[in-house]
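Written out below as structure tokens is the structure these notes cover.
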Amino acid sequence: MSDRRPPRTKERKPPRPLDPARLEELAVGYVGRFATTRAKLAQYLLRKLREKGWEGPRPPDIDPLVEKLARLGYVDDAAYALSKARSLGQRGYGERRVDMALRQAGVEESDGAPAKALASAGAAAAAIRYAQRRRLGPFAPQAVDRKQRDRALSAMIRAGHDFDLARRLIDLPPDPAADIESLNQSFRH
């Protein structure tokens with residue numbers, strides 16, 4: 001006969017409901033850890049309210065809290081947009097991909113305009129970086145057939161690049177001596 005006890009099942013305590021002070025602590029902690037936008041912060045706080053519940057004297061009002069943190073400089077949509085545009089551009093993503101990321105983050109048009117201008121100005125360089133990273137066009141190890149070319153063109157378009165720019169880049173023959181700077185100069189004109 002076995003002397004084993006059944007395993008204990010620990011019952012989880014329900015989460016402690018939020019109050020105004022704990023909601024602000026959550027918001028400050030979130031913006032301290034992550035670069036974010038007003039919209040993303042509001043979504044985070046709403047999710048936490050759904051998960052934990054509310055125990056305040058009146059219904060929670062998230063918008064004034066988000067605006068307070070923006071006034072204090074903890075949340076800056078324009079800076080977030082520029083940072084996101086730089087990051088995506090350095091990884092080789094195009095203007096449409098930057099635009100999509102900013103819309104998903106809830107960046108308003110006025111805050112995102114400088115970031116979109118930055119992405120537009122660096123469109124050729126980003127396309128070249130993407131082609132180099134994925135070994136497409138002049139960076140391909142060998143000549144490609146029609147099907148491979150179409151697949152490469154589709155990849156460039158999914159990465160947010162302009163069709164004409166992507167087509168011109170993909171149609172370049174493989175060149176082991178291809179360098180980014182000379183390609184960048186040729187696509188600027």
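Quick note on the UniProt record's numbering: the sequence shown kicks off at 1 and runs consecutively. Using N, Cα and C, we set each Cβ at its ideal position, and we do this for glycine too. This structure is a prediction, so every number in the text was calculated from the model and none was measured.
Would residue 163 be called buried (16 or more neighbouring beta carbons within 10 Å of its own) or exposed? exposed
Using three-state DSSP, classify residue 18 as helix, strand or coil. Looking at residue 18 - three-state DSSP - the assignment turns out to be strand.
Candidates 61, 74 and 11, of which the one nearest residue 29 by Cα: Ranked by how close their Cα comes to the Cα of residue 29, the residues 61, 74 and 11 have 74 in first place.
Closest by C-alpha distance to residue 119, when choosing among 147, 151, 89 and 45: 89
Which residues in the same chain as residue 139 place their Cβ atom closer than 7 Å to its Cβ, once the five residues preceding and following it in sequence are excluded? 131, 132 and 178
Residue 92 and residue 159 look like a contact to me (Cβ under 8 Å); what is the Cβ gap, rounded to whole Å? 7 Å
Whose CA, out of 81, 59 and 41, lies closest to the CA of residue 262? Outside the displayed range of the chain (1 to 189) lies residue 262, so it cannot be described from this structure.
For the structure I just gave you, are there three or more beta carbon pairs, one from the region 148 to 157 and one from the region 181 to 188, closer than 8 Å? no
Are the region 51 to 63 and the region 96 to 107 touching, with three or more C-beta to C-beta distances below 8 Å? no
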